Structures are given as structure tokens and as C-alpha cells.
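Asker:
Numbering (this note's numbering), first residue to last: 6 to 365.
1) Can you look up residue 129 in the DSSP assignment and give me helix, strand or coil?
2) Report the three-state DSSP secondary structure of residue 245 (helix, strand or coil).
3) Starting from residue 145, trace the beta strand (DSSP E) both ways and give me its first and last residue.
4) Identify, in the order they occur along the chain, each residue of the same chain with its Cβ nearer than 6 Å to the Cβ of residue 175, setting aside the five sequence neighbours on each side.
5) In three-state terms, what does DSSP make of residue 161?
6) With a cut-off of 8 Å, do at least 3 Cβ pairs link the segment 138-154 to the segment 288-303?
7) Using the Cα positions of residue 318 and residue 168, report the straight-line distance between them to the nearest angstrom.
8) Between 207, 251 and 220, which lies nearest to residue 233 when the distance is taken from Cα to Cα?
9) For the candidate residues 77, 33, 22 and 89, whose alpha-carbon lies nearest to that of residue 68?
10) Of the choices 138, 187, 153 and 154, whose alpha-carbon is the least far from that of residue 164?
11) So who's on the other strand from residue 169, going by DSSP bridges?
12) Find the nearest neighbour of residue 348 within the set 259, 17, 196 and 256, judged by alpha-carbon distance.
13) If you draw a straight line from the alpha carbon of residue 190 to that of residue 112, how long is it in whole angstroms?
14) I'd like the span of the beta strand (DSSP E) that includes residue 154, first residue to last.
15) Going by other Cβ atoms of all chains shown within 10 Å of its Cβ, with 16 needed for buried, is residue 251 buried or exposed?
16) Assuming contact is defined by CB atoms lying nearer than 8 Å, are residue 97 and residue 246 in contact in what I supplied?
17) If residue 177 and residue 154 are in contact, beta carbons under 8 Å, what's the gap, nearest whole angstrom?
18) With residue 87 and residue 41 assumed to form a contact (beta carbons below 8 Å), what rounded beta-carbon distance in angstroms separates them?
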């Protein structure tokens, strides 16, 4: 038996013992040493089994007092699968904020929430290298999964493990390509940006965005015939070396061009931090020389040293829609294909300093 499965045998047996009434709510739970004679495993394995019950809400640890039983009935376990961007809240705050809100919402809804992290390269291994995820699927420990900000949602059909042990799921992704998903309305995002630039009398538009924006741009041209979008003003965003550094380098490259745009839309709030740093370095007058607007997610608390409007997606709405779709999928009373689109809203600049002469 793989070592990572042994502690799950311990935790499963302890849950059965709890449900048989061996320990009552409010009672002190045995220590690792007290349980060790009951199992043919190491001390570390028994400890992990107990910790699993803490994670699932059966037990609560009171510092300097002990571990106590707080629940005996079983709860459905919902998995949250994310990539390792969750581990870098300073560099990419949205995945962290989104993950925390999903976990909190699930737990407040009476579920046990278990987080799994998809590390670089693991998404191409068909789940097997994502710690505990494969075994939890095989042992039927999951009632559903939220896949947020990860790649596995795009690769499920290639996973034999998933095909055999699949559970109801919902994905949160920009493109909305899975059968049950919460997606972001990028067409409305661009429309609001172009509408703002038009109201400011701008004509020459640059974009820092992902590849999925390009087809939408072609569709919107007819609605904004007075706006000019040159290929040399459209740059793809990249996560390397970091979104912020990428934004800085793209802005520097853009402003080296002889024929410069008079407006810039940035499809990422962290890349926008790099753009602002470049603007500061070049001592531009904003918005007289360049009108700026960017996409953002609520509650990430990203700070910029100059005032500018943004187009914002509501993170709380994203969480509510994702969990709502998952519950409908788990009930199996709805059609298989479920989709919700998160529509962004325009937000004015946070203060009235709309034109700032900025110098380092």
C-alpha cells in the first residue's frame, strides 16, 4: 500500500468509531500514543490520520488543553483544486483571495473543504502527482470538486483516472470551455474599455492581453469604427518572469515606437502595476499623454500610485455562482451543461486626481 494511503485508513476507521458513539461531542479525543496500539502503523501515520479528522471538522485542537470531538456526523467533502499561484499572494493575489473565499463559503455551507495544489508540470501527469488527490478520488472521499485557476479542467478527458472515478465538478476559468463552468465575459470587458476610451476622445488603442481577446477584438471593430487597433500595439501578456515585470517591459517597448497610441487597456491588474512603474519611470502625464484602464478583480487590494478607472469582476459573485453550479450538478436534477458568465462593471477612479505629473 502506498504510504500516502495509510493515514486515510486510520482516519476512515476513526470516523466509523466516532459515528458508532465511541467518543461523544465535547469529549477529549485520545492522543496519538493512546491510539497507537489500535493500528499497525507508525506514529506519524496515526498522527496524520488524526490530523485528517481535524481538517474535516470532526475534531478541534485547543492549545495547551488537547483535542476534542466537535462533530460526529459525516459531511460531504468538496475538493478545491488550484495551481501553485495560490502560494504567492504577493505576486498573484487573485488566486489566493479566490481560494480563501471558496473554502470559507464551502465550510459555512456545511461542507468539509479540502484544498489540492497543482504544482508546475503535474497537470500533465493526469492527477497522479497531485498529493492525495488521486487516492481521495479512488477512495470516494470527494463528493464534488471546484477547479479554480488550474489547468486540469482542460485536460480531464486525457486522464484515465478521472474517467473512472469522476465526480460532479465546476471549473472557474476565463474561457468557459468545460460543461459546468463559471467564465468571465471578456467581450463586455473590451466593450466597456472601448466605450471609456471613446468618451475620452481617444482613437489609437493599444492592448496588453491574452490570446483569447484577439477574436473578440475582431468582432468589436464594427461597433467602434473610429478606433484604430494596429498589430504593433497589441502585446500578449505573460506570467514570466512575473506579471508585474512583464507589464513593465511591455510598456517600455510600446513607448519606444515612433507612432504612439493615446490609450492602453491592460487585461491584468498585476501587469498593470508594472505598466504604472514604467509610466513613473518615463515621467508621462496621465491621462493627457496616455489614457489607462485595466481589468481587475474585487477584494485583491492591489495599490497603484495614481488614480485611474478600472473594469472589475466581483469575486464574491464568482464564488457564489461556482458553488451554486456545483450543488446543482451534484443534485443531478439539472441538464449536464451548466454555465454562468460573470459580467464586469466599470469603476471610476478612486479620487479626482485624474491628471498627474509623476516624477521619480
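Even glycine gets a Cβ: it sits at the ideal position worked out from N, Cα and C. Keep in mind the model is a prediction, meaning the values are calculated, not measured.
Answerer: Per the coordinate set shown:
1) Here residue 129 refers to the residue found at position 124 of the chain shown. In this prediction, residue 129 has a pLDDT of 49, which is less than 50 and means its spatial position is unreliable; what the coordinates show is noted afterwards. Reduced to three states, the DSSP call for residue 129 is helix.
2) The residue given as residue 245 occupies position 240 in the chain shown. Coil, per DSSP.
3) Counted from its first residue, the chain shown places residue 145 at position 140. Note, residue 145: premise wrong, no beta strand (DSSP E); not H, not E.
4) Within the chain shown, the letter at position 170 stands for residue 175. These residues qualify, in order along the chain: 151, 185, 327, 330 and 331.
5) Here residue 161 refers to the residue found at position 156 of the chain shown. It is helical.
6) no
7) As a first step, residue 318 must be located in the chain shown, where it is residue number 313. As a first step, residue 168 must be located in the chain shown, where it is residue number 163. When rounded, the distance between both Cα atoms is 33 Å.
8) Counting from one through the chain shown, the residue named residue 233 turns up at place 228. Nearest option by C-alpha distance: 207.
9) For the purposes of this step, residue 68 is identified with residue 63 of the chain shown, where counting begins at 1. The shortest C-alpha separation from residue 68 is found at 33.
10) Here residue 164 refers to the residue found at position 159 when the chain shown is read from its first residue. When only C-alpha atoms are compared, the closest one is 138.
11) Counted from its first residue, the chain shown places residue 169 at position 164. None; residue 169 has no bridge partner.
12) Here residue 348 is taken as the residue at index 343 of the chain shown, counted from 1. With distances taken between Cα atoms, residue 348 lies closest to 196.
13) Position 185 of the chain shown, counting from 1, holds the residue named residue 190. Position 107 of the chain shown, counting from 1, holds the residue named residue 112. Approximately 28 Å, taken between the alpha carbons.
14) Taking the chain shown and counting its residues from 1, one reaches residue 154 at position 149. Looking at the DSSP string, residue 154 is not in any beta strand (DSSP E), and its letter there is neither H nor E.
15) Within the chain shown, the letter at position 246 stands for residue 251. Label assigned to residue 251: buried.
16) Here residue 97 refers to the residue found at position 92 of the chain shown. Here residue 246 refers to the residue found at position 241 of the chain shown. Their beta carbons are not under 8 Å apart, which means residue 97 does not touch residue 246 by this criterion.
17) Start at 1 with the first residue of the chain shown, and residue 177 comes out as number 172. Start at 1 with the first residue of the chain shown, and residue 154 comes out as number 149. Right, their Cβ atoms sit about 7 Å apart.
18) For the purposes of this step, residue 87 is identified with residue 82 of the chain shown, where counting begins at 1. For the purposes of this step, residue 41 is identified with residue 36 of the chain shown, where counting begins at 1. With a Cβ gap of about 35 Å, residue 87 and residue 41 do not count as contacting.
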